[in-house]
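Trainee: Heads up: the sequence shown begins at 0 in numbering that gives the first Met the number 0, then just goes up one per residue.
We put the CB at the ideal spot given by N, CA and C, even for glycine.
Supplied in structure tokens, the structure appears directly below.
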Amino acid sequence: MRETNGLVCAHHHLYSTLARGMPAPPRTPTSFIEVLQQVWWRLDDALDLDLIHWSAALGAAEALLAGTTAVIDHHESPSAIEGSLDAVTTACDMVGIRCIPSYGVTDRWAAGGITSRVDPTTPMTEGARRGLAENERFLASGRRAMVGVHASFTCGDETLAAAADLAARYGTGVHIHVAEGPDDAHAHVRLAPLARPDWLLVHAVHLVSNLPGTIVHNPRSNMNNAVGYARPAARQNRVVLGTDGIGADMLDEARLAYARHREDDLSATPETAWSWLSNGEDLVPEVRNDRVVWNYDHLESPWHLAFTPGVRPLEVWVDGTQLIAEGRPLHFDLEEVRAKSAEAATRLHARL
Ligand SMILES: [Zn+2]
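Spelled out as structure tokens, the structure:
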């Protein structure tokens, strides 16, 4: 079998595509929280709408070229909140992939500075209010989206409750990082009264109690941040795969998910990791209208895929429209996207 449906990346940060090659942080981070403080929270604060657009365009192009036709995106840009979800989705529209965006609300930009842990009694900050408004503005436009929350440890209870309420009012779920690092192991205490089955619980590496929702496993990101192995096979929840912003090559992510599973349990088989990949279709059923023709014959066999590098799409069709032929895009200029993204990256890195 050479054909599949379109693949789904269930957790992406398209804004982080231009991070590659960014200047080294001022100090070498020694914990997950320091990685957030010194790398990601400096990067997202430096973004403007033009940088967001070209970062998302390159990330979307790379997704499509890997056979990924749907991305569930989690966006943050505290210096450019209003309109940021349009900057992401217009880039995805230009490339032709499906995008379900969310703006990651947080109270960490409190009074004049950045706080890595927010007291639960903190009243909603101006930044969180604007982030919620951006989620609501986009949801009110009628396009599918989720309500983003960075993580419970950077939000006060008022903000968490408001995000949960907004999502419920629009009939969608909350897309939130949960227990990625050991510091957030007790996220369930504050989230249990709010979480619903349509929530996306990202990482759940250290979560010590169950929450309703779908767990997004991001094996490469977990390794890169040295936060440990999430053991998703032990969870009762539906499990899907994401990349946490490190591209959107989902066959490669599934291959790595298998290797991590096997490292932890010699009896593991690749069928489990491939079931996590195909579970993405439950979240974005429209990808069943998309078709990918691959340069390889054994797409039905996880055992073949787990041990075969270099499996690439030759053709990609989204909703009946062919977007990739002979491995090349038909509807956008890949060289232009690369050149504009490189210019944007130079501008972004100079700010850092
Ligand atoms: Zn993430």
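Reducing DSSP to helix, strand and coil, say where valine 204 ends up.
Mentor: coil
Trainee: Taking C-alpha atoms, which residue in Ala79, Ser30, Asp49, Ala341 lies nearest to glutamate 179?
Mentor: Ser30
Trainee: If you draw a straight line from the C-alpha of leucine 35 to the C-alpha of alanine 338, how long is it?
Mentor: 28 Å
Trainee: Give a single yes or no on whether aspartate 43 has its beta carbon closer than 6 Å to a heavy atom of ligand 1.
Mentor: Not one heavy atom of ligand 1 sits closer than 6 Å to the Cβ of aspartate 43.
Trainee: Suppose you measure from the CA of glycine 126 to the CA of asparagine 236; what does that come to, to the nearest Å?
Mentor: 32 Å
Trainee: Assuming alanine 14 and serine 76 form a contact by the criterion Cβ under 8 Å, report the distance between their Cβ atoms to the nearest whole angstrom.
Mentor: Note that residue 14 corresponds to tyrosine in the displayed sequence, not to alanine. 6 Å between Cβ atoms; contact.
Trainee: What is the residue span of the beta strand (DSSP E) that tryptophan 293 lies within?
Mentor: 290–293
Trainee: With a floor of 3 residues, list each beta strand (DSSP E) that falls wholly inside the segment 240–317, ordered by position along the chain.
Mentor: 290–293, 312–317
Trainee: Looking at ligand 1, does it come within less than 6 Å of aspartate 243, judged from the CB to the closest heavy atom?
Mentor: yes
Trainee: Let me know the secondary structure DSSP gives isoleucine 80 once reduced to three states.
Mentor: Looking at isoleucine 80 - three-state DSSP - the assignment turns out to be coil, as it is neither helix nor strand.
Trainee: Tell me the DSSP secondary structure of leucine 430 in three-state form.
Mentor: No statement about residue 430 is possible, as the shown extent of the chain runs from 0 to 351 and does not include it.
Trainee: Might you give, ordered along the chain, the residues of its own chain that have their beta carbon closer than 8 Å to the beta carbon of valine 204, omitting 5 neighbours on each side?
Mentor: Ala178, Glu179, Gly180, Asn221, Val226, Gly227, Tyr228, Ala229
Trainee: Just the Cα atoms here: how many angstroms apart are threonine 307 and valine 286?
Mentor: Taking the straight line joining both Cα atoms gives about 24 Å.
Trainee: Can you grab the Cα-Cα spacing for the pair proline 192 / valine 104, in whole Å?
Mentor: 19 Å
Trainee: Between the segment 253–266 and the segment 283–297, are three or more C-beta pairs nearer than 8 Å?
Mentor: no
Trainee: Where does glutamine 235 fall in DSSP's three states?
Mentor: Assigned with DSSP and collapsed to three states, glutamine 235 falls in coil, not helix or strand.
Trainee: How is glycine 103 classed by DSSP in three states: helix, strand or coil?
Mentor: strand
Trainee: Among Leu48, Ala305, Pro211, Thr271, which residue has its Cα nearest to the Cα of aspartate 251?
Mentor: For the residues Leu48, Ala305, Pro211, Thr271, the minimum Cα distance to aspartate 251 belongs to Ala305.
Trainee: From the DSSP output, read off the bridge partner residues of leucine 199.
Mentor: His174, Thr213
Trainee: In the DSSP assignment, the beta strand (DSSP E) including glycine 130 goes from what residue to what residue?
Mentor: From DSSP, glycine 130 is part of no beta strand (DSSP E) but of the alpha helix (DSSP H) over 125–139.
Trainee: Determine the burial state of leucine 329: buried for a count of at least 16 other Cβ atoms within 10 Å of its Cβ, exposed for fewer.
Mentor: exposed
Trainee: Over what stretch of residues does the alpha helix (DSSP H) that includes valine 336 continue unbroken?
Mentor: 333–350
Trainee: Excluding the five sequence neighbours on either side, which residues of its own chain have a C-beta within less than 6 Å of the C-beta of glycine 326, listed in chain order?
Mentor: Beyond the five residues adjoining it in sequence on each side, glycine 326 comes within less than 6 Å, by CB distance, of Leu313 in the same chain, given in chain order.
Trainee: Could you tell me the alpha carbon to alpha carbon distance between valine 70 and leucine 265, rounded to whole angstroms?
Mentor: 31 Å
Trainee: Could you pull the DSSP bridge partners for proline 328 from this structure?
Mentor: Ile323
Trainee: Would you identify the three-state DSSP class for histidine 52, choosing helix, strand or coil?
Mentor: helix
Trainee: May I have the straight-line CA-CA distance separating alanine 233 from leucine 138, to the nearest angstrom?
Mentor: Their backbone Cα atoms lie some 34 Å apart in a straight line.
Trainee: Would you identify the three-state DSSP class for threonine 29, choosing helix, strand or coil?
Mentor: coil
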